[in-house]
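Participant: Provided herewith is a single structure, encoded as structure tokens, for subsequent inquiry.
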Amino acid sequence: HKIIFTIQFFPSEKCGVLNVTKITEHGKKVRKNWASTWTVLQGSTLLFAKGQGSGTSWFGGNQSKPEFTVDLRGGSVEWASKEKSSKKHVIELKTRVGTELLIQSEIDSVINDWFRALSETINTHAWE
Ligand code: I3S
3 HKIIFTIQFF
13 PSEKCGVLNV
23 TKITEHGKKV
33 RKNWASTWTV
43 LQGSTLLFAK
53 GQGSGTSWFG
63 GNQSKPEFTV
73 DLRGGSVEWA
83 SKEKSSKKHV
93 IELKTRVGTE
103 LLIQSEIDSV
113 INDWFRALSE
123 TINTHAWE
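With the first letter of the sequence shown counted as 1, position 69 gets the number 71 in our numbering; the numbers rise by one all the way through.
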């Protein structure tokens with residue numbers, strides 16, 4: 003007899019520390035507040051947990067609640083223009099509900115990976 007195992011991959015699971023700020027909330031401009039933020043991409047949801055420095059897992063410990071979550075379905079990502087930020091490597095993320103975030107890392111490869119992951123997620127879930 004052959005036993006067939008089904009292995010399910012979750013290619014959109016990704017996490018790391020990024021610099022994040024909200025710039026618009028429900029269509030209204032808000033003041034920038036850059037913060038080093040533990041960021042998790044899980045399915046079509048992006049979760050942010052502020053504080054505690056890099057490497058701290060918010061799963062478990064006293065950080066089990068994400069501070070902020072974003073539904074990527076119906077959103078968009080692009081590289082931010084110079085007018086949006088003077089920083090290098092900034093991604094502008096827009097959500098369907100009119101929240102705009104800037105996401106940044108000093109490390110090229112890190113931010114490029116995130117750009118790819120976010121774009122893929124948005125494309126994958128485009129028709130939901
Ligand atoms: O788009 P802005 O207003 O030039 O953004 C800068 C400000 O938020 C600034 O803080 P103050 O609110 O204290 O001015 C931040 O320190 C800067 O980092 C912001 O600009 P960048 O270009 O870094 O996104």
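All residues carry an ideal CB built from backbone N, CA and C; glycine is no exception. Predicted model only: the values in this text are computed from it and were never measured.
Counting only runs of 3+ residues fully inside the region 20-106, write out the beta strand (DSSP E) ranges in chain order.
Facilitator: For the region 20-106, whole beta strand (DSSP E) runs of length 3 or above, ordered along the chain, are 37-44, 47-52, 70-73, 78-81, 92-96, 102-106.
Participant: Can you tell me the Cα-Cα spacing of ARG75 and ILE5, whole angstroms?
Facilitator: Here the question's residue 75 lines up with position 73 in the sequence shown. Here the question's residue 5 lines up with position 3 in the sequence shown. Distance between the alpha carbons of ARG75 and ILE5: 37 Å.
Participant: Given this structure, state the Cα-to-Cα distance separating ASN35 from THR126, to the nearest angstrom.
Facilitator: Within the sequence shown, numbered from 1, the residue matching residue 35 stands at position 33. Within the sequence shown, numbered from 1, the residue matching residue 126 stands at position 124. Approximately 30 Å between the Cα atoms of the pair.
Participant: Closer than 6 Å by C-beta to ILE113: which residues in its own chain qualify, once you throw out the five before and the five after it? Chain order, please.
Facilitator: In the sequence shown, residue 113 corresponds to position 111, counting from 1. Contacts found: HIS91, SER107.
Participant: For the ligand I3S, I want to know if SER88 counts as a neighbour, meaning its beta carbon is within less than 7 Å of at least one of the ligand's heavy atoms.
Facilitator: In the sequence shown, the residue the question calls residue 88 occupies position 86. At least one heavy atom of the ligand I3S is nearer than 7 Å to the Cβ of SER88, so yes.
Participant: Quick one, which of PHE70, GLY45, SER87, THR26 has its alpha-carbon nearest LYS96's?
Facilitator: Within the sequence shown, the letter at position 94 stands for residue 96. The residue with the shortest Cα to Cα distance from LYS96 is THR26.
Participant: How about LYS96: is its Cβ closer than 7 Å to a heavy atom in the ligand I3S?
Facilitator: In the sequence shown, counting from the first residue as 1, residue 96 sits at position 94. LYS96 Cβ: outside cutoff for every heavy atom of the ligand I3S.
Participant: Compare the beta carbon distance of LEU48 and ALA82 with 8 Å and say whether it is the shorter of the two.
Facilitator: Position 46 of the sequence shown, counted from the start, is the residue given in the question as residue 48. Position 80 of the sequence shown, counted from the start, is the residue given in the question as residue 82. No, they are not a contact pair.
Participant: Any heavy atom of the ligand I3S closer than 7 Å to the Cβ of LYS34?
Facilitator: For the purposes of this step, residue 34 is identified with residue 32 of the sequence shown, where counting begins at 1. Under cutoff, so the answer is yes.
Participant: Using 10 angstroms around the beta-carbon of THR123, count the other beta-carbons present and answer buried if the total reaches 16, otherwise exposed.
Facilitator: As a working mapping, residue 123 is identified with position 121 in the sequence shown. Under this definition THR123 is a buried residue.
Participant: Out of GLY29, ARG98, THR23, VAL32, point me to the one whose CA is closest to PHE50's CA.
Facilitator: For the purposes of this step, residue 50 is identified with residue 48 of the sequence shown, where counting begins at 1. Nearest option by C-alpha distance: THR23.
Participant: Please report the distance separating the alpha-carbon of ILE93 from that of SER121.
Facilitator: Taking the first residue of the sequence shown as 1, we reach residue 93 at position 91. Taking the first residue of the sequence shown as 1, we reach residue 121 at position 119. Roughly 11 Å separates the two Cα atoms.
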